[in-house]
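Notes follow the structure.
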Ligand code: SF4
Ligand code: SF4
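Numbering (our numbering), first residue to last: 1 to 288.
In structure tokens form, the structure reads like this:
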């Protein structure tokens, strides 16, 4: 099914007007990660798209489809099906693609969305485009390897672990390579940048500029939530002035998304409204 502009606008994360009416679900099928962000405690969900909280149950692709069938009957206007962890979708490419294949066949009218750190996305862009994935989020916190190196502990690429600026350069190169390729496949691209005081707050507008040049559509500047047992646990949370300034400077280059609800990797429902009922359902399907 061809994705029209009008249909794309039904995505509540990309169109604020749709957020009160259109729901989304995240299918937690991707447990592993291929990088270690200094703000992430892996006891929790990926904070790229999720607020720290209780660890999600993980579903196998077949369980994800069964869960979705059930959920679709319970949630009104379920417009978007996304994969956002709890690790990274492309550190688990088999599970992610298998899930996408199954759901795009059974729910061709839905919008498909993926959220990733971008390290291993590029080889799969043609395939996800064929599966009608229309929205992709990449978290890019810096475009200078010196700054990137302060944000990640390690990067695992082609079965090898890289640290410091070497790892940062690989991550950055892979992330930026995705943007033009996604654009060529008419996929809407959101950049997430975590505002980390003292590390990248003055640099994020540069990220916005570079990503805009490459074809990204929107940027979501997310304030850091300092998380226990991480290198950034003692970093101050960004204050409203810093958040406002960062977003204002970024808006010179890219459209800003500021209604981010920091969804968990197993979120379900309208943005900002996660239902306890669906968490129970998820547990039930993960143990089948
Ligand atoms: Fe897609 Fe992110 Fe919205 Fe989830 S929160 S549906 S991954 S844009
Ligand atoms: Fe954690 Fe997500 Fe970073 Fe992986 S990409 S380390 S899951 S925040």
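Here a beta-carbon is modelled for each residue, glycine too, at the ideal position from N, C-alpha and C.
Do residue j and residue i count as a contact pair if the criterion is CB distance below 8 Å?
i, j, result
"residue 79", "residue 129", "no"
"residue 191", "residue 170", "no"
"residue 35", "residue 117", "yes"
"residue 135", "residue 111", "yes"
"residue 176", "residue 125", "no"
"residue 221", "residue 246", "yes"
"residue 225", "residue 209", "no"
Rank the options by C-alpha distance to the C-alpha of residue i and give the top, closest one.
i, options, result
"residue 323", "103, 13, 95, 173", "There is simply no residue 323 to check, as the chain begins at 1 and stops at 288 in what is shown."
"residue 215", "186, 163, 267, 4", "186"
"residue 26", "58, 213, 10, 20", "58"
"residue 240", "175, 40, 182, 223", "223"
"residue 119", "255, 269, 91, 7", "91"
"residue 230", "201, 221, 268, 153", "153"
"residue 283", "6, 108, 60", "60"
"residue 148", "133, 166, 159, 157", "166"
"residue 286", "233, 63, 125", "63"
"residue 258", "101, 9, 237, 19", "19"
"residue 159", "33, 281, 238, 194", "33"
"residue 178", "162, 213, 163, 161", "213"
"residue 73", "107, 255, 193, 93", "107"
"residue 204", "233, 235, 226, 243", "243"
"residue 256", "189, 113, 233, 264", "189"
"residue 248", "104, 206, 7, 268", "206"
"residue 66", "38, 102, 39, 76", "102"
"residue 77", "198, 127, 109", "109"
"residue 113", "105, 4, 133", "133"
How about residue i: is its Cβ closer than 7 Å to a heavy atom in ligand 2?
i, result
"residue 87", "yes"
"residue 175", "no"
"residue 40", "yes"
"residue 151", "no"
"residue 36", "yes"
"residue 221", "no"
"residue 117", "yes"
"residue 178", "no"
"residue 113", "no"
"residue 33", "yes"
Below 8 Å on the Cβ atoms is my contact criterion, and I expect residue i with residue j to pass it. Report the Cβ-Cβ distance as a whole number of Å.
i, j, result
"residue 279", "residue 266", "7 Å"
"residue 71", "residue 281", "7 Å"
"residue 30", "residue 96", "6 Å"
"residue 115", "residue 82", "7 Å"
"residue 227", "residue 41", "5 Å"
"residue 100", "residue 131", "5 Å"
Less than 7 Å between the CB of residue i and some heavy atom of ligand 1, yes or no?
i, result
"residue 80", "yes"
"residue 57", "no"
"residue 13", "yes"
"residue 190", "yes"
"residue 30", "no"
"residue 20", "no"
"residue 84", "yes"
"residue 137", "yes"
"residue 7", "no"
"residue 247", "no"
"residue 279", "no"
"residue 264", "no"
Should the region 140-147 be regarded as contacting the region 80-90, the criterion being three or more beta carbon pairs within less than 8 Å? no
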